[in-house]
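As structure tokens, the structure follows; a few thoughts come after it.
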Amino acid sequence: MKRIHTDKQVVYAALGNCLECYDVTLYGFFATLLAPIFFPSSNPSLSLFISFGVFALGMAVRPLGGIIFGHVGDKHGRKYALKTSLFLIVIPTLVISLLPTYQQIGPIAPITLVFCLLLQGLCIGGEYSGASVFIVEHSKKNNPGFCGAILISSGFLGSLIGTLMGYLSTKYVDPDWGWRFPFLIGGIIGLVVFHRSYEFQETPDFQKIIDEKLTITSPLLTILKMYPLNFICVICIGGASFIHFYASTTYLGSILSLDLDIPHSQIMLFYSLAMTIYLIFLPIMGALGDRFGAKKIMIPGAVGMSVFSYPLFSVMTSKTLLGAIFAQVILSILNTAFTGPSLLFKAGLFPTTGRHSALGVGYNLGAAVFGGTCPLICSALV
Numbered sequence: 134m135k136r137i138h139t140d141k142q143v144v145y146a147a148l149g150n151c152l153e154c155y156d157v158t159l160y161g162f163f164a165t166l167l168a169p170i171f172f173p174s175s176n177p178s179l180s181l182f183i184s185f186g187v188f189a190l191g192m193a194v195r196p197l198g199g200i201i202f203g204h205v206g207d208k209h210g211r212k213y214a215l216k217t218s219l220f221l222i223v224i225p226t227l228v229i230s231l232l233p234t235y236q237q238i239g240p241i242a243p244i245t246l247v248f249c250l251l252l253q254g255l256c257i258g259g260e261y262s263g264a265s266v267f268i269v270e271h272s273k274k275n276n277p278g279f280c281g282a283i284l285i286s287s288g289f290l291g292s293l294i295g296t297l298m299g300y301l302s303t304k305y306v307d308p309d310w311g312w313r314f315p316f317l318i319g320g321i322i323g324l325v326v327f328h329r330s331y332e333f334q335e336t337p338d339f340q341k342i343i344d345e346k347l348t349i350t351s352p353l354l355t356i357l358k359m360y361p362l363n364f365i366c367v368i369c370i371g372g373a374s375f376i377h378f379y380a381s382t383t384y385l386g387s388i389l390s391l392d393l394d395i396p397h398s399q400i401m402l403f404y405s406l407a408m409t410i411y412l413i414f415l416p417i418m419g420a421l422g423d424r425f426g427a428k429k430i431m432i433p434g435a436v437g438m439s440v441f442s443y444p445l446f447s448v449m450t451s452k453t454l455l456g457a458i459f460a461q462v463i464l465s466i467l468n469t470a471f472t473g474p475s476l477l478f479k480a481g482l483f484p485t486t487g488r489h490s491a492l493g494v495g496y497n498l499g500a501a502v503f504g505g506t507c508p509l510i511c512s513a514l515v
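In terms of our numbering, the sequence shown is residues 134 to 515.
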């Protein structure tokens, strides 16, 4: 079979990740709007709390997805695991776009919504880690840090497109039903992207494992036994990356809506600012990681997030739009310095035989425990 150029493999994987992030993050951005539609209550704060709780549940099953698809990827191939997880993300998006409200069908509506989000969360736990390994192994000799940052950036591109679609659907259409259009469009395009995924080709690293019959029976257990500190490191990277992102977007959106009474359409534009910052700075930080080493870029980003978090959150909760924008910009830039080169760093912590399982479970465990619960914890504390 004729091999497709590495650049095309990177583009295909990044395109799938872009769509996956478009689909999955739509709920995070629409959480405030969907709360009274699917979780009605006489207390708006309770509806919002439940909505954020469902968001946290979707994140909570990501490590399980990492276990399932990581095992598949380490045993049967990167491309097979990636294609399967992509397909199972697209279908729930189509279902959500057509799902009747609580007022129309009662408890069946929120139950179905929760099931769709759990399935998506399960699959994103496999899709992102699968795409990460797929790209790094395909671009091992060709700027892997930059290519890895492109993958991460593609996710923010998907989120940006979803945010802009959310802005248009809530600005010029009745928000009570206009939110359906972004989900419907994402589902349809997702089927097209899934069709293109048949051009995925196995990575050279894993193909070598297959040819030499070096696959292992229990990849995850082997990683936990042989590389426990590296595994913990990946958990912490996932947590640090997602805490700042969700706090400065999803939770901050509730502040803008409930405290400042800003329309949902304008909140979508606010989200777009964060997405744009990530799109610009992530590839830059990834390229710097190739040039100077991933750790030399990540450490200043981590220190900056730790030192400036408290003062920036004080500004963020000052209930002024300018303060919220300033805090979000600074936090986003610091997070890109930490996140941009992280894929290159993480992949180098593990051997090929267990890399998919290690990244899938470790990174998603950190994202779920620390990132997915972030808006919920913020809401509960307030």
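C-beta: ideal position from N, C-alpha, C; glycine also.
Closest to residue i by CA distance: which of the options is it?
i           : options               : result
residue 388 : 265, 239 and 403      : 403
residue 258 : 231, 485 and 492      : 492
residue 482 : 267, 367 and 385      : 367
residue 454 : 480, 511 and 395      : 395
residue 283 : 484, 299, 298 and 264 : 264
residue 365 : 498, 393 and 383      : 498
residue 495 : 173, 197 and 280      : 197
residue 179 : 340, 299, 341 and 391 : 391
residue 291 : 223, 158 and 166      : 158
residue 293 : 449, 418 and 162      : 162
residue 406 : 244, 462 and 426      : 462
residue 408 : 176, 295, 167 and 213 : 295
residue 145 : 205, 173 and 219      : 219
residue 278 : 511, 471 and 172      : 471
residue 168 : 235, 203 and 194      : 235
residue 170 : 250, 237, 261 and 210 : 237
residue 413 : 473, 176, 250 and 422 : 473
residue 426 : 382, 507 and 276      : 276
residue 297 : 507, 256, 399 and 362 : 399
residue 442 : 381, 214 and 506      : 381
residue 154 : 260, 164 and 244      : 260
residue 326 : 255, 416 and 217      : 217
residue 344 : 164, 173, 210 and 172 : 210
residue 420 : 247, 281 and 214      : 281
residue 256 : 223, 239 and 244      : 223
residue 300 : 444, 166 and 445      : 166
residue 213 : 266, 240 and 484      : 266
residue 360 : 484, 507, 384 and 244 : 484
residue 271 : 411, 177, 254 and 340 : 340
Closer than 7 Å by C-beta to residue i: which residues in its own chain qualify, once you throw out the five before and the five after it? Chain order, please.
i           : result
residue 311 : 302 and 303
residue 233 : 242
residue 136 : Low per-residue confidence applies at residue 136: pLDDT is 45, beneath 50, and the placement is therefore not dependable, though the value from the model is reported in the following sentence. Only 334 meet the Cβ criterion.
residue 226 : 156, 316, 319, 320 and 323
residue 252 : 221 and 225
residue 509 : 185, 186 and 189
residue 448 : 456, 459 and 460
residue 369 : 499
Please work out which residues of its chain come closer than 8 Å, Cβ to Cβ, to residue i, disregarding the five sequence neighbours upstream and downstream, and give them in chain order.
i           : result
residue 273 : 337 and 338
residue 504 : 192, 371, 372, 374, 375, 376, 378 and 379
residue 231 : 313 and 317
residue 486 : 207, 342, 347, 348, 349, 352 and 355
So, is the C-beta of residue i closer than 8 Å to a C-beta in chain C?
i           : result
residue 339 : The chain labelled as chain C is not found in the depicted structure, where only one protein chain is given.
What does the Cβ neighbour count give for residue i, buried or exposed, with the cut at 16 atoms within 10 Å?
i           : result
residue 229 : buried
residue 513 : exposed
residue 432 : exposed
residue 199 : buried
residue 332 : exposed
residue 358 : exposed
residue 328 : exposed
residue 307 : exposed
residue 142 : buried
residue 195 : buried
residue 430 : buried
residue 262 : buried
residue 515 : exposed
residue 444 : exposed
residue 415 : buried
residue 268 : buried
residue 134 : Here the model assigns residue 134 a pLDDT of 38, short of 50, so the residue's position is not dependable, and the following value carries that caveat. Its Cβ having fewer than 16 others within 10 Å, residue 134 is exposed.
residue 201 : buried
residue 254 : buried
Does any heavy atom of the ligand GTP sit closer than 7 Å to the C-beta of residue i?
i           : result
residue 456 : Absence of the ligand GTP from the depicted structure is noted, as is the absence of any ligand whatsoever, leaving it without description.
Excluding five sequence neighbours on each side, which residues of the same chain lie with their C-beta closer than 6 Å to the C-beta of residue i?
i           : result
residue 423 : 276, 278 and 279
residue 552 : Here the chain covers residues 134 to 515 and nothing more, so residue 552 does not appear.
residue 205 : 214
Determine contact between the stretch 148-161 and the stretch 287-295, defined as no fewer than three beta-carbon pairs at a distance below 8 Å.
yes
To test your reading of the DSSP string, which unbroken alpha helix (DSSP H) runs of 4 or more residues are found completely within the stretch 316-369?
337-344 and 352-359
Whole alpha helix (DSSP H) elements within the stretch 277-311, 4-residue minimum:
277-304 and 308-311
Segments of 3+ residues assigned as beta strand (DSSP E) that fall wholly inside the stretch 362-435
none
Taking contact to mean at least 3 C-beta pairs separated by less than 8 Å, is the stretch 487-501 in contact with the stretch 179-187?
no
If you pair each beta-carbon of the stretch 352-362 with each one of the stretch 464-481, do three or more pairs fall below 8 Å?
no
The stretch 430-438 contacting the stretch 459-468, beta-carbon criterion three pairs below 8 Å:
yes
Alpha helix (DSSP H) runs wholly inside the stretch 202-290, at least 4 long, in chain order:
211-231, 235-238 and 241-271
Any alpha helix (DSSP H) of 4 or more consecutive residues that is wholly inside the stretch 461-499
475-480 and 488-499
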